[in-house]
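Heads up: the sequence shown runs through residues 0 to 355, numbered per numbering that gives the first Met the number 0. Don't be surprised by glycine CBs; every beta carbon is placed ideally from N, CA and C. From a predicted model like this one, the values you see are computed outputs, not experimental measurements.
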Amino acid sequence: MLSEALGDEIEVTVIDRGDSFAFGFSKLDLMFRGAGMDSVRLPYAEIAKPGVTVLKEEITAIDPEERVVTTDAGRHEADALVIALGADYDLGATPGLAEHGNEFYSFAGAEAAAGPIAGLDSGRAVIAVCGAPFKCPPAPSECALMLSDELSRRGVRDRCEITLTMPLGTPVPPSPETSAALSAEFESRGIDFLGGMRPTRVEPGSVVYEDGTELPFDLLLGVPKHRAPDVVIESGMTEDGYVPVDSATLKTKYEGVYAVGDVATAGVPKAGVFAEGAAKVVARQLIAEARGEEGPAPYDGRGSCYIEFGEDRIARVDIDFLSGPEKTGEFNAPSAQLRSEKDDFGSGRAARWFGL
Ligand SMILES: Cc1cc2nc3c(=O)[nH]c(=O)nc-3n(C[C@H](O)[C@H](O)[C@H](O)COP(=O)(O)OP(=O)(O)OC[C@H]3O[C@@H](n4cnc5c(N)ncnc54)[C@H](O)[C@@H]3O)c2cc1C
């Protein structure tokens, strides 16, 4: 947006330690659709926009007062700094998870989980969310439904149990309609949902919860506790684990410094569509500033999340967290048509963002 509006009048530097992006939902494709990282990776190499430079560097320090970012390759000073480093996983917060389970929230973890998923032909699979907030609240439910499909496809569903546990009371608390639809689907597929359960540790073959419950498993698919990346915590910008921002503007308390996406506390769920919506508001502000115009409308916290319901059906929940007096999450029932809408969502962004 900055490049399209201002072209060479503005220098935009994008710094990422990686050389590509992949949609969060691609993790489910790695686990259940036989995809490999090469087929879901969207390289930055084709980005060609006036004024934009993409640097593959590791950020080692952030000075928000001075708006200076230090990397393994040097120092970058900025007039405006946008922190978008996402959330990291704290596997150590749930001892035993790394050793005895399969976390599936990183790309490497999702890829590694495909083998144990394919190998399960009897016993119990536990999908355990180890902390909240966590990215894409529907994703663990999608995982349970896609696992059920996978076991049915191999003719072993009757010999397996699936249990999904979460610290939250319902599958998607901000949308009671979505939670009800997911609960009905779980019931019809024989998936047990246990809400309000937080694991304290994992032992070989069993998850131990805060209330003392022990759940034996043959396959554990875990969502690790999340936290802001160390470099962000060390910058002193975080409060209660993440970077507080003004929800309307995404401004931090530091002059000229913004934070968007999973790293920020903007009053919206941690999901890519909200990172995108927040980033657009920041871009509009910077464009307005450069042109001496009035600032844009406040961030509305709206976004649509596609939910894999299994059997190749997709549902959609339309979230609106900030524009009205109440948070709303309107549910659109699963259908084959929403499958093609989700495909277009991905391919349209791959084209616009990466020139692919
Ligand atoms: C299983 C699963 C399914 C999901 N499905 C959906 C979905 O259907 N819809 C949806 O909207 N969201 C979904 N999400 C959530 C979505 O992936 C995230 O919310 C989104 O990627 C957050 O974007 P972000 O830019 O804040 O962070 P990220 O996408 O995590 O990007 C952070 C970037 O910072 C870089 N970085 C981090 N530290 C450093 C450093 N020190 N130096 C340099 N670079 C660094 C990383 O390389 C990365 O490119 C899903 C997530 C999971 C796990």
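| query | result |
| --- | --- |
| Mapping the DSSP letters down to three states, classify residue 142 as helix, strand or coil. | helix |
| From 60, 299, 186 and 87, pick the residue whose C-alpha is nearest to that of residue 324; which is it? | 299 |
| From residue 293 to residue 284, what distance separates their C-alpha atoms? | 8 Å |
| Any idea if residue 252 is buried or exposed, counting beta-carbon neighbours within 10 angstroms, 16 or more meaning buried? | exposed |
| Determine the burial state of residue 147: buried for a count of at least 16 other Cβ atoms within 10 Å of its Cβ, exposed for fewer. | buried |
| Counting C-beta neighbours from all protein chains within 10 Å, is the total for residue 100 16 or more, i.e. buried, or is it exposed? | buried |
| Closer than 8 Å: is that where the CB of residue 292 sits relative to any heavy atom of ligand 1? | no |
| Between the alpha carbons of residue 270 and residue 88, how many angstroms are there, rounded? | 15 Å |
| Bridge partners for residue 208 per DSSP, in chain order? | 198 |
| Specify whether the segment 25-45 and the segment 60-70 touch according to this definition: at least 3 beta carbon pairs, one from each stretch, less than 8 Å apart. | no |
| Just checking, does the segment 296-310 make contact with the segment 10-18 on the three C-beta pairs under 8 Å criterion? | no |
| List the endpoints of the continuous alpha helix (DSSP H) containing residue 26. | 25-31 |
| Verify whether the separation of the beta carbon atoms of residue 53 and residue 257 is less than 9 Å. | no |
| Do residue 353 and residue 41 have their beta-carbon atoms positioned less than 9 Å apart in this structure? | yes |
| Who are the near neighbours of residue 83 in its chain, counting only those whose CB is closer than 6 Å to its CB and skipping five residues on each side? | 259 and 260 |
| Can you find a heavy atom of ligand 1 that lies under 8 Å from the Cβ of residue 216? | no |
| Within 8 Å: the Cβ of residue 31 and any heavy atom of ligand 1? | no |
| Could you give the residue range of the beta strand (DSSP E) that holds residue 287? | Segment 271-290 is the alpha helix (DSSP H) holding residue 287; no beta strand (DSSP E) there. |
| May I ask whether a heavy atom of ligand 1 can be found less than 8 Å away from the beta carbon of residue 325? | no |
| Going by DSSP in three states, residue 113 sits in which element: helix, strand or coil? | helix |
| Flag this pair as yes or no: are the beta carbons of residue 357 and residue 288 separated by less than 9 Å? | Given a span of 0 to 355 for the chain in the structure shown, any question on residue 357 remains unanswerable. |
| Going straight from the alpha carbon of residue 217 to that of residue 169, what length do you get? | 24 Å |
| Can residue 20 be considered in contact with ligand 1, in the sense that its beta carbon sits closer than 8 Å to one or more heavy atoms? | yes |
| Please list the terminal residues of the continuous alpha helix (DSSP H) segment that includes residue 177. | 175-188 |
| Spatial neighbours of residue 296 within its chain, please: CB distance less than 7 Å, with the 5 preceding and 5 following residues excluded, ordered by chain position. | none |
| Taking the alpha carbon of residue 62 as the reference point, which residue from 55, 78 and 49 has its own alpha carbon closest? | 78 |
| Checking the sheet assignment: what are the DSSP bridge partners for residue 218? | 124 |
| Are the segment 192-209 and the segment 228-237 touching by the rule of at least three beta carbon pairs closer than 8 Å? | no |
| Per DSSP, which residues does residue 54 bridge with? Please list them. | 14 |
| Specify whether the segment 329-344 and the segment 301-315 touch according to this definition: at least 3 beta carbon pairs, one from each stretch, less than 8 Å apart. | yes |
| Given a threshold of 16 other Cβ atoms within 10 Å of its Cβ, counted over all protein chains shown, does residue 60 qualify as buried or as exposed? | exposed |
| Measure the alpha-carbon distance for residue 211 versus residue 355 and round it to whole angstroms. | 50 Å |
| Do residue 221 and residue 72 have their C-beta atoms closer together than 9 Å? | no |
| Whole angstroms is fine: what's the gap from residue 103's alpha carbon to residue 34's? | 14 Å |
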